[in-house]
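Have a look at the structure below, then the notes.
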Amino acid sequence: MKIATAAYPLDSFSNFTDYVDKLTSWVRDASENGADLLVFPEYGAMELATLAGAEAAADIQTCLRVVADFVADIDQLHRELARTFNCYILAASAAVFDPVFEGLPVNRARFFSPDGGMAVQDKQIMTRFERETWGMQGGGPLQVFDTALGKIAILICYDSEFPLLSRAVMEADIILVPSCTDALTGYSRVKIGAQARALENQCVTVMSSIVQPFLNCPAVDENVGAGGVYGPPDVGFPETGVIAQGVLNRPGWTYADVDLDAISRVRAGGAQLNRLHWEDQAGRVNPAPLVKL
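Residues in the sequence shown are numbered consecutively from 786, following our numbering.
Below is the structure:
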């Protein structure tokens, strides 16, 4: 399969049609380049806050609710794009105020298939900004989606930094890592996390990012990132583990060809078998004693 992962700049819009045109152009471009799976970043939908005017977009709390009100329309657009261009699309995540979670905001990504199907994945662990400023909470449990492209899971940004979450989706061939990071340090943490998860699970991880400043919405005003596709540095994969790497802060798609058979082969007969040997940690992970030397 061919994967397209986005380094996505945010824009201001005067109407929803402008947003439709932008997303259609991005998806068409990836489709014309042969992409089967398209990955947009965490909080990429925040650009829609500008539709409510400058004051609403500039308010840290209001902007979440403005975008949440558009989620149904966003989903319908992505459902149509996935069907029209015959591809799987991970839409940019957005906050939703789901009654299941007592009306508190949850960071939710939505995943669309070419036949019109949709599944959702909520972020599990909140960053400090999400907890302390937005009052967000973790949502529904992790899932693995069985698709025509293989088994796919989603770890949203900060979630990729926690190995036990990755282990929970160990059946996945591909883990998507949509991200939103405001500094090189944050981007580096998520990138390192994505590469570590590919190593542990002997799978492919796909990182997407928001890029470039967006001063009209202070919640996502500073953005640093790039697209990237990673695998285990082992048999059938690049020696660095980097399958494809975008240029930092340069908007556009990063493409990678991924062979599911290579994932099966490295899991069965790699130089190392990290995924299989995970259980060897049992009994060895108790807190180590402090030994004076």
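No residue lacks a Cβ here, since even glycine has one placed at the ideal position from N, Cα and C.
All figures in this text were calculated on a predicted structure; none of them were measured in a lab.
- In the same chain as ALA1004, and ignoring 5 residues on each side of it, the C-beta atoms closer than 7 Å to its own belong to MET831, ILE845, CYS848, in chain order.
- In the structure shown, THR932 falls within a strand segment according to DSSP collapsed to helix, strand and coil.
- For ASP1042, the uninterrupted beta strand (DSSP E) run begins and ends at 1037-1042, by DSSP.
- DSSP, read as helix, strand or coil, puts LYS908 in coil.
- When Cβ pairs closer than 8 Å are counted between the two stretches, the region 981-998 is seen to touch the region 1046-1059, the count reaching three or more.
- Within the region 854-911, the beta strand (DSSP E) runs of at least 3 residues that lie entirely inside it are, in chain order, 873-875, 879-882, 890-897, 903-907.
- Around the C-beta of ASN1008, 16 or more other C-beta atoms lie within 10 Å, and the residue is accordingly described as buried.
- As a beta-bridge residue in DSSP terms, ILE939 pairs with LEU961.
- Secondary structure of LEU1000 (DSSP, three-state): coil.
- Minimum Cα-Cα distance from LEU934 among the listed residues ALA1073, LEU822, LEU862, ALA791 corresponds to LEU822.
- If you check the CB distance, HIS863 and PHE897 come in under 8 Å.
- Boundaries cannot be given for GLN1066, as no beta strand (DSSP E) includes it and DSSP labels it neither H nor E.
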